[in-house]
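Per the UniProt record's numbering, residue 1 is the first one in the sequence shown, and the count goes up by one each step. Even for Gly, the Cβ is constructed at its ideal location relative to N, Cα and C. Accompanying notes for the structure given below.
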Amino acid sequence: MHFDFTMAAGALLVSVIVGLTGMGGGALMTPMLTVLFGVPPLTAVSSDLVAAAIMKPVGSLVHLRHGTVNLRLVGWLCAGSVPSAFCGVLIARALGDGSGVQDVIGKAMGVALLMAAAGLAIRGYLAMKDRASRRPDRRTAAPGSPASEPPPVIAVRPVPTVIVGIVGGLSVGMTSVGSGSLIIVTLLALYPTLKANHLVGTDLLQAVPLVWAAALGHIFFGDFHLAVTVALLAGSIPGVIIGSLISARAPGGLIRRVLAFVLLASALKMFGIGNAAMLWILLAVLVGAAALWMLLRAAHGLRPIAIFDRQRG
Numbered sequence: 001m002h003f004d005f006t007m008a009a010g011a012l013l014v015s016v017i018v019g020l021t022g023m024g025g026g027a028l029m030t031p032m033l034t035v036l037f038g039v040p041p042l043t044a045v046s047s048d049l050v051a052a053a054i055m056k057p058v059g060s061l062v063h064l065r066h067g068t069v070n071l072r073l074v075g076w077l078c079a080g081s082v083p084s085a086f087c088g089v090l091i092a093r094a095l096g097d098g099s100g101v102q103d104v105i106g107k108a109m110g111v112a113l114l115m116a117a118a119g120l121a122i123r124g125y126l127a128m129k130d131r132a133s134r135r136p137d138r139r140t141a142a143p144g145s146p147a148s149e150p151p152p153v154i155a156v157r158p159v160p161t162v163i164v165g166i167v168g169g170l171s172v173g174m175t176s177v178g179s180g181s182l183i184i185v186t187l188l189a190l191y192p193t194l195k196a197n198h199l200v201g202t203d204l205l206q207a208v209p210l211v212w213a214a215a216l217g218h219i220f221f222g223d224f225h226l227a228v229t230v231a232l233l234a235g236s237i238p239g240v241i242i243g244s245l246i247s248a249r250a251p252g253g254l255i256r257r258v259l260a261f262v263l264l265a266s267a268l269k270m271f272g273i274g275n276a277a278m279l280w281i282l283l284a285v286l287v288g289a290a291a292l293w294m295l296l297r298a299a300h301g302l303r304p305i306a307i308f309d310r311q312r313g
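Below, the structure written as structure tokens:
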């Protein structure tokens, strides 16, 4: 079995970002495999999911020990996500073999990446609203408070929660994107009183059976390559540890903005857009997003440019 050291190094860099931001690895790892290393989309999805199935339990067990998991939410999410993740693999396989199925999987991955980028933008907007209302405790623990404080009591909404699980499971099964980027954003919208650590803990635990179901389906029906998975694991394990250790000092807001930009560029590549057109699109998005962000900050009573707030404070 050939070991790809370059791929392992790429997985290391991606996993550092995952550890820094909590971003789902599939939204970054799978595009890296397809765009930079030329791995066919179905092979990238299959191998990445098997690697994720080995990695996911570690973080979820830590959150479970600290009490930052809502088990009722996990149960309802898994009721939709686990069977739909397995079905997502079957749908991908039912599309056929060869370049046709790879093209469809690539386009589906592009849609999922666009949704992940939009999710990051929504998370940033909600965090800005919290700062504007001077209630940063709404989604983050108060300074000095333990991460293991009991989660707030919420009224679980079974039907929309199961629907979120179904959509997220299908996305993960077909593209490997969704467990850490799409589901957590919709949970935030459905249950806004849950703090960030409880959102992350709940999402991580429900992602374990979700990813296992998708990985099992891809082992049997996908295009799993052991060499790719081994390289991903070799880079991912130390990368997540490094990212987690330095996350407290990292400028999380800036990193998430850069990530959203990278996800958009990856999505455009999945759609087969040429380099020149992609450059103009990214430039237009950069200028438009900056202008819109300043207008939104001003509308919520903040200075248009955040650096002035920091200087005044």
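Euclidean distance between Cα positions of residue i and residue j
i               : j                 : result
serine 47       : glycine 301       : 47 Å
methionine 109  : methionine 32     : 12 Å
isoleucine 305  : phenylalanine 261 : 19 Å
isoleucine 184  : alanine 52        : 17 Å
histidine 198   : leucine 77        : 15 Å
residue 327     : leucine 263       : The displayed coordinates of the chain run from 1 to 313. Any statement about residue 327 would go beyond what the structure contains.
methionine 128  : alanine 117       : 17 Å
glycine 168     : isoleucine 105    : 16 Å
phenylalanine 3 : glycine 288       : 43 Å
glycine 67      : alanine 79        : 21 Å
tryptophan 212  : leucine 282       : 35 Å
leucine 295     : valine 258        : 20 Å
lysine 269      : valine 35         : 8 Å
histidine 225   : isoleucine 219    : 9 Å
glycine 119     : leucine 182       : 6 Å
alanine 9       : alanine 215       : 23 Å
proline 40      : alanine 276       : 24 Å
proline 238     : arginine 65       : 22 Å
glycine 85      : isoleucine 166    : Note that residue 85 is alanine in the sequence shown here, rather than glycine. Distance between the alpha carbons of alanine 85 and isoleucine 166 is about 8 Å.
alanine 265     : leucine 61        : 34 Å
cysteine 87     : valine 45         : 15 Å
valine 74       : aspartate 130     : 26 Å
glycine 235     : valine 14         : 9 Å
aspartate 103   : valine 69         : 38 Å
Exposed unless 16 or more other CB atoms sit within 10 angstroms - verdict on residue i
i               : result
proline 146     : For proline 146, the predicted model reports a pLDDT of 44, less than 50, meaning its position is unreliable; a value from the coordinates is still stated below. Result: exposed.
valine 228      : buried
serine 176      : buried
arginine 297    : buried
isoleucine 241  : exposed
alanine 155     : exposed
phenylalanine 5 : exposed
valine 82       : buried
glycine 274     : exposed
residue 320     : A query on residue 320 cannot be resolved here, the shown segment of the chain reaching from 1 to 313 and no further.
glycine 38      : exposed
alanine 142     : Residue confidence for alanine 142 is low, a pLDDT of 45 falling below 50, so the modelled location carries little weight; the figure read from the coordinates is stated next. So alanine 142 counts as exposed.
serine 171      : buried
arginine 123    : buried
residue 327     : What the structure shows of the chain is the stretch from 1 to 313, and residue 327 is not part of that stretch, so it cannot be assessed.
leucine 194     : buried
glycine 222     : buried
### Message
At 4 residues or longer, what runs of the alpha helix (DSSP H) sit wholly inside the region 275-299?
### Response
Here the runs fully enclosed are 275-299.
### Message
Count Cβ pairs between the region 160-175 and the region 187-194 that sit closer than 8 Å; are there 3 or more?
### Response
Enough Cβ pairs lie closer than 8 Å, so yes.
### Message
Measuring CB atoms only, is the region 208-225 touching the region 53-72, in the sense that at least three cross pairs come out at less than 8 Å?
### Response
Short answer: they touch.
### Query
Enumerated in chain order, which unbroken segments of the alpha helix (DSSP H) with a length of 4 residues or greater are wholly contained in the region 37-75?
You should have 41-66.
### Task
With a floor of 4 residues, list each alpha helix (DSSP H) that falls wholly inside the region 190-232, ordered by position along the chain.
The region 190-232 contains these whole alpha helix (DSSP H) runs: 196-221.
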